[in-house]
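Structure first, commentary second.
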Amino acid sequence: MSTLEYMKYALIRTIVNTRLYILRSSYLSPATQPDFTKTYPCRPDLFPCRVFVPRDHNGNLPLVIRAHGGGFVVNNPAADDPLARHLADTAQCVVVSIDYSKSPQNKFPTAFEDVIAQSLAVIEDPELPIDRNRVVLCGHSAGGNLVLAAAQDSRLRSKVMGIATIYPATDWVPDGKTKMAKRPDPSIPDFIGDGHDGIMQLYFDPENKPSLTDPRVSPTYFESRESLPPHVLLVGAEHDMFCHEDQAMAEKLAGDQVKNKTEDGWRAEGVEWLKVYGQPHAFEMFPVEDVEKEKARVEAVDKLNGHISRWLVEVFSNS
Numbered sequence: 001m002s003t004l005e006y007m008k009y010a011l012i013r014t015i016v017n018t019r020l021y022i023l024r025s026s027y028l029s030p031a032t033q034p035d036f037t038k039t040y041p042c043r044p045d046l047f048p049c050r051v052f053v054p055r056d057h058n059g060n061l062p063l064v065i066r067a068h069g070g071g072f073v074v075n076n077p078a079a080d081d082p083l084a085r086h087l088a089d090t091a092q093c094v095v096v097s098i099d100y101s102k103s104p105q106n107k108f109p110t111a112f113e114d115v116i117a118q119s120l121a122v123i124e125d126p127e128l129p130i131d132r133n134r135v136v137l138c139g140h141s142a143g144g145n146l147v148l149a150a151a152q153d154s155r156l157r158s159k160v161m162g163i164a165t166i167y168p169a170t171d172w173v174p175d176g177k178t179k180m181a182k183r184p185d186p187s188i189p190d191f192i193g194d195g196h197d198g199i200m201q202l203y204f205d206p207e208n209k210p211s212l213t214d215p216r217v218s219p220t221y222f223e224s225r226e227s228l229p230p231h232v233l234l235v236g237a238e239h240d241m242f243c244h245e246d247q248a249m250a251e252k253l254a255g256d257q258v259k260n261k262t263e264d265g266w267r268a269e270g271v272e273w274l275k276v277y278g279q280p281h282a283f284e285m286f287p288v289e290d291v292e293k294e295k296a297r298v299e300a301v302d303k304l305n306g307h308i309s310r311w312l313v314e315v316f317s318n319s
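Going by UniProt numbering, the first residue of the sequence shown is number 1, and it counts up by one from there.
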């Protein structure tokens, strides 16, 4: 990749981060501010972690570590402030949003290693009011891919009891065209669409490309059920090219267990699948102009956030 191409993506990141800085400022978003930010020595050059603590709490609390989405290329921990604040206050847990290095300047496995290092630093931080026996990883999209992969690593596996991911990329083996063909309604545009294969080219080093069935790359190729935490929530969006592979991973995790149907999915022992109907990838991030569609989008966001919160409460209470 040419220097000009690298500069282009650096400029895109600068624009996105500036926009987030404004949108998540205390002036525009006073209700969703973190309680404080913190940089860990293991990754001093990344954006500071954003720490959210319930407004009223006593003693040590469960911990949720969040990784944002952005195609492995853009965004920073502030992207998920509204959800982080919501989960901290409604599930009564400490939420820490972490950063990771972005492609194309940083190829795989840099971001994967960043998530492991930052997660371990957070878990081992003596200054946080956390119960280290109740730790859940959570991530959207690229962040979902990273936490699903990181949770399988031996350095982190025993320290995590659960994982919740929202429309993660779980299988890089099929190309974008194959994934698009599995969508329920091809007339509805896909948020990622033709960008799928381009994301792969940016994220992986062509001269040192890993196997696409490596669980660090495609988490759905986990070695066994024990490779992942005891509690897993996988969420897919109906009109997202990742939805089919997310459901397939959930079914693989559940194995031969009985799947009890829910309103929008199913539950089995230690595994839950939830499909958000009528919505595309990243639906919670981007308002739409159509009044009725925007109303449906907001309702879907509120419903999803409430579901994640209730799932966390249940998982933490069963520990």
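C-beta: ideal position from N, C-alpha, C; glycine also. It should be emphasised that the depicted structure is a prediction, and the values quoted were computed from it without experimental measurement.
Residues bridged to residue i (per DSSP)
i	result
Trp-266	Lys-261 and Trp-273
Lys-38	Cys-49
Gly-139	Ala-67 and Thr-165
Gly-236	Lys-275
Pro-280	His-239
Val-288	Partner(s): none; Val-288 has no beta bridge.
His-196	Partner(s): none; His-196 has no beta bridge.
C-beta neighbour in chain C for residue i, strict 8 Å
i	result
Asp-80	Chain labels in this structure do not include chain C; a single protein chain is all it has.
Cβ-Cβ distance between residue i and residue j below 8 Å
i	j	result
Val-74	Ala-84	no
Ile-130	Leu-156	no
Lys-293	Met-241	no
Ala-142	Ala-169	yes
Gly-144	Ile-166	yes
Ser-234	Leu-87	Looking at the sequence shown, residue 234 is not Ser but Leu. No, Cβ-Cβ distance for Leu-234 and Leu-87 is not below 8 Å.
Tyr-40	Ala-121	yes
Phe-36	Val-16	no
Lys-182	His-239	no
Distance between beta carbons of residue j and residue i, contact taken as under 8 Å
i	j	result
Val-301	Glu-284	4 Å
Gly-139	Arg-24	The pair is not a contact, with the Cβ atoms about 18 Å apart (cut-off 8 Å).
Gln-152	Leu-63	About 19 Å separates the two Cβ atoms, so there is no contact after all.
His-281	Phe-191	4 Å
His-57	Gln-92	7 Å
Rounded C-alpha distance that separates residue i from residue j
i	j	result
Phe-222	Leu-128	31 Å
residue 349	Leu-274	No answer is possible for residue 349: the residues shown for the chain start at 1 and end at 319.
Asp-80	Asn-260	31 Å
Gly-270	Val-53	27 Å
Leu-304	Ala-296	12 Å
Arg-55	Val-135	20 Å
Arg-13	Met-200	18 Å
Pro-48	Tyr-100	10 Å
Pro-82	Leu-137	17 Å
Asp-175	Phe-286	25 Å
Lys-102	Thr-18	16 Å
Ser-26	Ala-78	12 Å
Val-258	Glu-207	44 Å
Cys-42	Glu-251	36 Å
Ser-97	Leu-20	14 Å
Leu-4	Ala-31	40 Å
Residue i CB to nearest heavy atom of the ligand FMN below 7 Å
i	result
Asn-145	Because no ligand of any kind appears in the structure shown, any question about the ligand FMN cannot be addressed here.
Length at least 4, wholly inside the segment 103-132: the alpha helix (DSSP H) runs in chain order: List check, alpha helix (DSSP H) in window: 110-123.
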